[in-house]
Each structure stands twice: as C-alpha cells, then as structure tokens.
Amino acid sequence: MIKLYDYLLSANCYKARLLLSMLDVPHELVPIEFYPRREHESAAFKKINPLGHIPVIDDDGFILRDAHAILMYLACKYDGGRDWYPTGDPRLLGEVASWLQFADGTAATASAARLCINFGYDFDLEACQAGAHRLFRVLDEHVWFREQEGLSWVASAAAPTVADMALFPDVALSEEGGISREDYPALRRWTERIQRLGGFIDMPGVLPVAPLPS
Amino acid sequence: MDATAPQEPGPPILDLWHPVAILAELTAGETIRTRLLDRDIAVGLDGEGAPLAWLITGEAPGGAPESLPAIAAYEFAWTSLGTPPAEIFAIPECDEPDRRNLATFSVGVHVSAPRAVENFLDLGHFPYVHAGILGQVPRTEVADYRVEVDPETNELWALDCEFFQPQAAAASTDGQMSQYTYRVPHPYCVMLYKSCPTDESRFDVIALFCQALSADRVLFHTFMSVIDEVSSDEQIRAFQTLVSAQDKPILENQTPRLLPLEVGAEASVRSDRASVAYRRWLGDLGVGYGVIPAGLPDDGS
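The structure is reproduced here in structure tokens:
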C-alpha cells in the first residue's frame, strides 16, 4: 500500500491526500510531526528526503517527494493519464504544467503567510500577503473567463486536473494567512465546485460548503 | 468608544504571568522574538536552563534591553510586563510521578484571548466542531451544571459537567460519558479536568494558555497532564493538534473578535452558564483588554 509521509496541517500534504481520496487509492498516512518537533528536519527523515520536507510517498519502495510530482505520478498511475493528468493532449498538458508552476507561487506567498501567522515563521508577512493577492487576482480573472466559456476548472478540460488539486489548498486556507477572498468571487465559486466533487475530503481550516437543496 | 480602537492592557492584565514560549523550543545562548500585549519580547534561557525575558524597546542600539521577570511553569516560559505574583497558579496534579506533562500544540489564532477561553468552556460545540471525537450528533444535549467562584482563590469553576464523547482522548478505545470540571485560574488561561480513559479514579488535565499578542490575536498554547502509558508523545500531540486545528477556523469566524461583557449583548442559553459567568468574572476583575467592556453604548443608542 502507498505510504504518505504526512502532516495534518500541511497544505502541500493536503494536495496529495486530496488526490489519493479522489482517485480512491488505498493508502497509509505516516505522520511526520512538523510542529513542534520539526521531525521533517530530523536525520531519520532526511534519509527518506534529504531536502527535509513533506510530502513524500513510498509506493512499494518507489520513493517520490514534492507535492506536484506526487500528483503527476498518482494521476498517471491510477487514472492512466486520462483526465487528471491529460498526457494525451499536448495543449491541455501544457496548461496543467503552467498552473502547477503557478501553484509554486501561491505556496511561496499564500502558504508562507499562513506559516508566519500559525507557526511564527520569520517571513515578510506583508510581502507574502501582497504577493498572494497579485496571484489570486490573476487566478480569479482566469476562472471567471473560463466560466464564461462554460468551463469549470483551471485547465480547459471538462474534468478537473491535478492543477486544481495543486491550487485548491493554498486558496482555501488563505484566510489563515490573513488573505481575504472577499474580492475574488470566481475563486470562491471554483473552491465550492471542488468541495462538491466526489471523494473530496477537507482538512482543518477548510470550511465545509452548505449542502445543495435537494 | 470604538470597540476596534487600540486597547491598553492596564492592570490586572499587566501584572499577570503570560506564556511566551515553549521551554523545549528555547536554547541557551539564543533568543527568540515574540509579541505580548502589543509589545515586542525576546525570550531565552540562562546557563541553568531557566527562562529569561526582555522587552525590546526599539531604542538606540547599545542601550541595554529592559529585563522582564521570567519563570518556567507547565512546559512554558512565562513573563510579565508589570508586577506579577510570586507564584503562578498551581496545578498540583502535574507533580504526580506517573503523569505525562506535555506542551501539545500552539497555533496563532486571529481572535481575542477571552473568546478562545470562552470557546474552551463551551461543551455545546463538541458534536459539531469536533464530530466523532469529543461529541457526536444527535447526542448534543448539555446536562445542567454548576458554576461558582472560589471565594479563597477567586478562580472560576464549572462543576458536574457531563458529555458523551466518542473518542475522549488519544488513549480512548471506545466512547464514554466524560465528566468534566472546568477551572479558570487566569483571565486568559483555562483548564479542564476530565475523566481519564485509563484510570477511573483520576482526571486528565488539559489546559489552554493564551498568549495575547494583541487585543484580538493570540497564540493558542495547549498543555496536557495525562495518565497514559500507551500513547506516544507524538500521538498525544497529534490528538490535540487535530482538536485545536478544528477550533481555529470557528474562532476566527466569531464576530466581534473581542468578547462583549455587557449582559445580554449576545444571546445565551442554559448551557452557556459558564460563558455568562466568565464574562461577569472578567468584568469584576476589571479586565479591559480583549473584551468590549460592559456599559458602552451600543450602536443603536
């Protein structure tokens, strides 16, 4: 069974948990105590990932680190590279790759702001928040234009892709970093669509959406 | 008065001990920076492992930082910006030899310390916020309980509380009717004594020590003193991490972030007896930081 080295409150680990759940892949969570023990920086964990960060998966001895690499691997292995990571469509795959890159930016801004406020990390909080707002504005406009074309996800596909999974945690947890989503209505609609997907799981800090009227 | 205007802590808050760091995170010869009551603080350790604290005043470099009183208690370093009592409130259970005393989880929360304490006192939120762990719909009823102020210590107590819990602690294997006693020994600190799943004769202690960074921001520090021979430290901390992380977004969505002390400012039901008494107790102590004091005209008048 796949092992996921995981921390409950990590936005990057949540990306991997989300896709594992959506793909309905049986897995085992191995808790790594990020806070307060900083276990991800321990000598024992650095044998698994010399970079000392999580998430990492161990799939029958195959060790893979980095949230986005894990998303690509899981999608190719368990969804045959069809919808979640559309290897058969060059344009779509290019879009997905560019939004994965964009998600590195939200990690460095929105997610970093959250680390400052939650765990006292010594980053420039205001710069992180301003950077997150710049990216959220771009993403909000992008999603709004998608909606005008009848599309629901960040890439131009009918189904969600790993790019949506890579972006969702930083957006959904942004309030914890003091980044309000009040000014991003299209982003709020997009997060709600993700939360209504089959197999969606939340994490602390992600507020549940109201049930749809029956 | 504008409820959002900067607040001055004033006595009695200035004269109390406040938690400012987890002892295990301090290293001799190094300092960490933090905030307390809108002031910048540095915290360190001396050669013997005792905590040290300083006020960072922002004066010209070379000026000696102002030393603050500091003590170690319950796995935390505590300091004061005023004249603190000689000793911090006692938790005698922590001295029992088979107890495990742990700083379990700390997180920044955008809420006032009194709101965080009030939430801790609320049994009613268990089945909703901590579903499947500390409570479970439809077993949502809060049985009646007593609230009293100890005339000797002037601490606030809530007694004879009882609640059904599917997973009361890290060591739980089954649901239980948990007996709770709440104790508020400090305006920003609250603890509960709860039936121990592994020893019927004693109580686990779970405490919340709020470090008020400002009037409406806290570091939410949790501490446990438990009888548990089974769980690892990591398992105990993981349990408290989950529970605290579930509380955080709920607390951050409370409005106003400051706790109104005016009677009737917020609707209360019978199970809110502890919250009502806590608000009155804060008012009687003269606490004006992190709260909206009673007697302020409301917006409609």
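In the order they appear, the protein sequences are chains A and B. Numbering-wise (my numbering), the first sequence opens with residue -10 and increments by one. Numbering-wise (my numbering), the second sequence opens with residue 9 and increments by one. Using N, Cα and C, we set each Cβ at its ideal position, and we do this for glycine too. All of these numbers come straight from a predicted model, not from anything done at the bench.
Task: Contacts around residue 219 of chain B, its chain only, beta-carbon distance under 7 angstroms, and the 5 residues preceding and following it disregarded - done: 26, 27, 28, 44, 226, 227, 229
Open item on the list: Could you tell me the alpha carbon to alpha carbon distance between residue 138 of chain B and residue 78 of chain A, rounded to whole angstroms?
Closed with: Taking the straight line from one Cα to the other gives about 44 angstroms.
Open item on the list: Please report the distance separating the alpha-carbon of residue 302 of chain B from that of residue 268 of chain B.
Closed with: 7 angstroms
Open item on the list: Under DSSP, the alpha helix (DSSP H) around residue 127 of chain B begins and ends at which residues?
Closed with: Looking at the DSSP string, the run of the alpha helix (DSSP H) that includes residue 127 of chain B is 121 to 128.
Open item on the list: I'd like to know if residue 174 of chain B contacts chain A, where contact means its C-beta is closer than 7 angstroms to some C-beta of that chain.
Closed with: no
Task: Length-filtered (3 minimum) beta strand (DSSP E) runs lying within the stretch 123 to 184 of chain B - done: 154 to 157, 164 to 173
TODO: State whether the stretch 201 to 221 of chain B contacts the stretch 94 to 102 of chain B, with contact taken as three or more CB pairs (one from each stretch) at a distance under 8 angstroms.
DONE: yes
Task: Amino acids of chain B, ordered along the chain, whose beta-carbon sits closer than 9 angstroms to that of residue 181 of chain A - done: Chain B residues near residue 181 of chain A: none, gap ~16 angstroms exceeds 9 angstroms.
Task: Validate contact between the stretch 147 to 160 of chain B and the stretch 51 to 67 of chain B using beta carbons, cut 8 angstroms, 3 pairs - done: no
- [ ] Go ahead and label residue -10 of chain A buried or exposed: buried means 16 or more other beta carbons lie within 10 angstroms of its beta carbon, across all protein chains shown.
- [x] Residue -10 of chain A is exposed by the Cβ-count criterion.
Task: Contacting positions in the stretch 89 to 118 of chain A - beta carbon closer than 9 angstroms to chain B - done: 105, 106, 107, 108, 109, 111
- [ ] Check whether the stretch 194 to 203 of chain B touches the stretch 120 to 136 of chain B, taking contact to mean three or more Cβ pairs, one atom from each stretch, closer than 8 angstroms.
- [x] Pairwise C-beta distances place the stretch 194 to 203 of chain B in contact with the stretch 120 to 136 of chain B, as three or more of them are shorter than 8 angstroms.
- [ ] Pull up the CB-CB distance for residue 185 of chain B and residue 170 of chain B, whole angstroms please, since I reckon it's below 8 angstroms.
- [x] Contact between residue 185 of chain B and residue 170 of chain B holds: their C-beta atoms lie close to 6 angstroms from each other, under 8 angstroms.
- [ ] Kindly provide the ranges of any beta strand (DSSP E) runs that are 3 or more residues long and lie completely inside the stretch 8 to 95 of chain A, ordered along the chain.
- [x] 16 to 20, 45 to 48, 51 to 54
Task: Against chain A: residues of the stretch 101 to 135 of chain B by CB proximity under 8 angstroms - done: 111, 113, 114, 115, 116, 118
Open item on the list: So, under 8 angstroms CB-CB, residue 127 of chain A and residue 67 of chain A are touching, yes? Tell me the CB distance rounded to an integer number of Å.
Closed with: In fact, because the Cβ distance is near 31 angstroms, the residues do not count as touching under 8 angstroms.
Open item on the list: Output needed in chain order: residues of the stretch 18 to 36 of chain A with a Cβ under 9 angstroms from some Cβ in chain B.
Closed with: 20, 22, 24, 25, 26, 28
Task: Run of the beta strand (DSSP E) containing residue 154 of chain A, from where it starts to where it stops - done: Residue range 151 to 161 is occupied by the alpha helix (DSSP H) that includes residue 154 of chain A, with no beta strand (DSSP E) assigned at that position.
TODO: Kindly list, in the order they appear in chain A, the residues whose Cβ is closer than 9 angstroms to that of residue 14 of chain B.
DONE: The contacting residues do not exist; residue 14 of chain B stays about 18 angstroms from chain A at best.
Open item on the list: On a Cα-Cα basis, can you pick out the residue from A:203, A:52, A:1, A:11 that is closest to residue 103 of chain A?
Closed with: A:1
Task: DSSP three-state assignment for residue 189 of chain A, whether helix, strand or coil - done: coil
Open item on the list: Comparing C-alpha positions only, which one of B:167, B:299, B:86, B:135 sits nearest to residue 273 of chain B?
Closed with: B:299
Task: Cα-Cα separation between residue -7 of chain A and residue 233 of chain B, rounded to whole angstroms - done: Roughly 31 angstroms between the two C-alpha positions.
TODO: Report buried or exposed for residue 193 of chain A, applying the criterion of at least 16 other Cβ atoms within 10 angstroms of its Cβ.
DONE: By the C-beta density criterion, residue 193 of chain A is buried, having at least 16 other C-beta atoms within 10 angstroms.
Open item on the list: Distance check for residue 173 of chain B and residue 241 of chain B, CA to CA, integer angstroms please.
Closed with: 22 angstroms
Open item on the list: I'd like to know if residue 309 of chain B contacts chain A, where contact means its C-beta is closer than 7 angstroms to some C-beta of that chain.
Closed with: Legend: pLDDT at residue 309 of chain B = 37, less than 50; position of this residue unreliable, no value from coordinates given.
TODO: Please classify residue 10 of chain B: does DSSP put it in a helix, a strand, or coil?
DONE: For residue 10 of chain B, the predicted model reports a pLDDT of 47, less than 50, meaning its position is unreliable and no value from the coordinates is stated.
- [ ] Count the other C-beta atoms from every protein chain shown that fall within 10 angstroms of the C-beta of residue 158 of chain A, then say buried if there are 16 or more, exposed otherwise.
- [x] Looking at its Cβ environment, which holds 16 or more other Cβ atoms inside 10 Å, residue 158 of chain A is buried.
TODO: Counting only runs of 3+ residues fully inside the stretch 199 to 267 of chain B, write out the beta strand (DSSP E) ranges in chain order.
DONE: Taking only runs of at least 3 residues, the beta strand (DSSP E) segments lying wholly in the stretch 199 to 267 of chain B are 207 to 222, 225 to 234.
Task: Outcome for residue 146 of chain A when other beta-carbon atoms lying within 10 angstroms are tallied against a minimum of 16 - done: With 16 or more Cβ atoms within 10 Å of its Cβ, residue 146 of chain A is classed as buried.
Open item on the list: Buried or exposed, going by whether 16 or more other CB atoms sit within 10 Å of the CB of residue 118 of chain A?
Closed with: Result: buried.
TODO: Could you list which residues in chain B have their beta carbon closer than 8 angstroms to that of residue 193 of chain A, in chain order?
DONE: Going along chain B in sequence order, the residues near residue 193 of chain A (Cβ under 8 angstroms) are 250, 253, 254, 256, 257.
TODO: Check each candidate in B:131, B:136, B:276 and name the one with the smallest Cα separation from residue 166 of chain B.
DONE: Of the candidates B:131, B:136, B:276, the one whose C-alpha sits nearest the C-alpha of residue 166 of chain B is B:131.
Task: Alpha carbon of residue 183 of chain B to alpha carbon of residue 86 of chain A, nearest angstrom - done: 47 angstroms
Task: Inter-residue Cα distance where the pair is residue 206 of chain B and residue 23 of chain A - done: 28 angstroms
- [ ] Mind checking which residues open and close the beta strand (DSSP E) that includes residue 220 of chain A?
- [x] Outside the modelled stretch of chain A, which goes from -10 to 203, sits residue 220 of chain A, for which no answer is possible.
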